[in-house]
Amino acid sequence: MQIGPVQLVVVGFERTDRFKGDILRELDELRTGGVIRVLDLLFVMKDEDGSIFAFEDTDLTAEEQQEYGAIISHLIGLQDGAAVTQTNGLQADELAATEHDYGLTAANIQEVAAQIEPGTAAGLLLVEHKWAAGLKHAIREAGGRMLAQGYLTPDALMIVGQELQAVVEAEAAIEVAEAIKGAAMLDALMTVAEAEAVKATAVEEAAEAVVMAEYIKTAAAAEAVQALIIAGLIEDAAAQQALDALVAADIIRRAMIRMDEALADARLNVRMLLQVHDELVFEVSEDKAEQAIAFIKPRMEKAADLSVPLVVEAKAGRDWGAAH
Numbered sequence: 186m187q188i189g190p191v192q193l194v195v196v197g198f199e200r201t202d203r204f205k206g207d208i209l210r211e212l213d214e215l216r217t218g219g220v221i222r223v224l225d226l227l228f229v230m231k232d233e234d235g236s237i238f239a240f241e242d243t244d245l246t247a248e249e250q251q252e253y254g255a256i257i258s259h260l261i262g263l264q265d266g267a268a269v270t271q272t273n274g275l276q277a278d279e280l281a282a283t284e285h286d287y288g289l290t291a292a293n294i295q296e297v298a299a300q301i302e303p304g305t306a307a308g309l310l311l312v313e314h315k316w317a318a319g320l321k322h323a324i325r326e327a328g329g330r331m332l333a334q335g336y337l338t339p340d341a342l343m344i345v346g347q348e349l350q351a352v353v354e355a356e357a358a359i360e361v362a363e364a365i366k367g368a369a370m371l372d373a374l375m376t377v378a379e380a381e382a383v384k385a386t387a388v389e390e391a392a393e394a395v396v397m398a399e400y401i402k403t404a405a406a407a408e409a410v411q412a413l414i415i416a417g418l419i420e421d422a423a424a425q426q427a428l429d430a431l432v433a434a435d436i437i438r439r440a441m442i443r444m445d446e447a448l449a450d451a452r453l454n455v456r457m458l459l460q461v462h463d464e465l466v467f468e469v470s471e472d473k474a475e476q477a478i479a480f481i482k483p484r485m486e487k488a489a490d491l492s493v494p495l496v497v498e499a500k501a502g503r504d505w506g507a508a509h
C-alpha cells in the first residue's frame, strides 16, 4: 500500500456562531472525488471556562483506525498514549516519513492546541494527498526527497507575482539597454561608413576638379577663389580664370625657389631678374642662352607634381619683348 504525502492543516476561528456546514460539504467533495483521504479530522472548541469540546472524523477503515488510533488526538495530548503511535509493516515506515511531508512535529502541534483561546474554535485536519501518491513513490524510487513545501496565500502570490514582474521588467530593461547599445554601435558604424563615403566622394570630386582645372594643386587656391566669390569680388563665371591665375602663381613661386637654388649650385653665370605673372626672366650671356634654356626648362616643368604634364615654353631675346 502506498501512502501519498500527508499534510496537517490547522484553522482557527475567532467566533463559534457562524458555522453553516459549508466547510464539511466542500471537504466531502474532495474526499468523494478521490483527491484526498482524511486520516483524521478534529474540530476543537473551547468554552469560556476552558473546557474542550472535540468532534472527530476519518476515512480510515475500522482496521486502520485500530492500528493508527486517533492520530491528531494523540498528537495534541487529548488522549493517553504516545505522541505518534508505533505501527508495524510498510504503513509504519510510510507514516514515519510523513512527519517531514507536512513539516510539523508533535511539539509544534501541541503548541498550536495550547493557543486556542476560550470562546474560540480550531479545526485540525490530517489529510493524505491521494492524487500525489504515485508521484511521491516515483520521486522516492528516483532517490528524491522533500526539501521544502508550503502553501502560498493570495498575498504571497501577489508578492511573488510582483517579484516575477520585477524580474521580467529587469530582463526587459536589460534587453532594451542591449538593443540601445546595439543601435548605438550600428549608428557609430553607419557614421563611420558615411564618413568614409564622404571621404571617398570628396576624393572623387577633388580628382574631377584636378582634371577640369588641370593645374589645381592646393586647397588654398580653391578656398581663396571661394572667398572672392562670396565677397562678390568675382563672379562664378570667372572662378576658373581665378583658379588658373592662383595656381599659376603658386607654381611660379615654387619654380622661383627651386631655380634660385639650382642656379646657385650649377654655377652657370645665370641671374634671375624678375617674375612677370606666370613667367620668369633671366639674364645670361648670349652664347650661353641655349645652355641656360636646356638647364632651366626641365626643372621648371618639375616645379609642381600634377596629374597632367606641366608644359614650359622658353625663348631667348635681347629684351623681354623680343623673347616673345
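First residue of the sequence shown: 186, per the numbering used here; consecutive thereafter.
Idealized CB from N, CA, C, for every residue including glycine.
Treat the numbers as computed from the prediction; the structure is a model and nothing was measured.
Query                                                                                                : Result
Which listed residue (Ile301, Asp207, Lys205, Glu214) has its alpha carbon closest to that of Ser236 : Ile301
Arg222 (DSSP reduced to helix, strand or coil)                                                       : strand
Buried or exposed by the 16-neighbour rule on C-beta atoms within 10 Å, applied to Gln264            : Confidence in Gln264 is poor, its pLDDT being 49 and thus under 50, which makes the residue's placement too unreliable to answer from.
Helix, strand or coil at Gly197 according to DSSP, with G and I counted as helix                     : strand
Where the alpha helix (DSSP H) through Arg325 begins and ends                                        : 318-326
Contact set for Gly219: own chain, Cβ-Cβ below 8 Å, skip 5 residues either direction                 : Lys315, Trp316
Local conformation of Ile301 per DSSP, three classes                                                 : coil
Under the three-state DSSP convention, the category Thr272 falls into                                : Note on Thr272: pLDDT 35, under 50, position unreliable in the model; no value is reported.
Three or more C-beta pairs below 8 Å linking the stretch 194-204 and the stretch 319-330             : no
Residue(s) in a DSSP beta bridge with Gly308                                                         : Val196, Phe228
Boundaries of the alpha helix (DSSP H) in which Arg216 is found, first to last residue               : 207-217
His509 to Glu464 span [Cα, whole Å]                                                                  : 11 Å
Ala247 versus Leu224 - alpha carbon distance                                                         : 12 Å
Leu448, DSSP secondary structure in three states                                                     : helix
Check whether Ala489 and Arg439 have beta carbons under 8 Å apart                                    : yes
Residues sharing a beta bridge with Leu459, DSSP                                                     : Val466
Per DSSP, the bridge partner or partners of Glu313                                                   : Val191, Arg222
Unbroken beta strand (DSSP E) run spanning Met238, endpoints                                         : This sequence places Phe at residue 238; Met is not what is there. Start and end: 237-242.
Spatially closest choice to Thr201 from Ile208, Met230, Asp207, Glu214, by CA coordinates            : Met230
Beta-carbon proximity check, Arg456 vs Phe467, cutoff 8 Å                                            : yes
C-beta atoms of Lys482 and Ala499 nearer than 8 Å                                                    : yes
Where the alpha helix (DSSP H) through Ala479 begins and ends                                        : 474-486
Within 8 Å, strictly: CB atoms of Pro303 and Asp234                                                  : yes
Neighbour-count burial assignment, Val469, 16 or more Cβ in a 10 Å radius                            : buried
Contact under 8 Å by Cβ, Leu193 with Leu311                                                          : yes
Option nearest Asp435 by Cα separation, candidates Leu309, Gln460, Phe228                            : Gln460
Residue from Leu212, Gly506, Ala501 whose Cα sits closest to the Cα of Leu309                        : Leu212
CB contact flag (Phe228, Ala306, <8 Å)                                                               : yes
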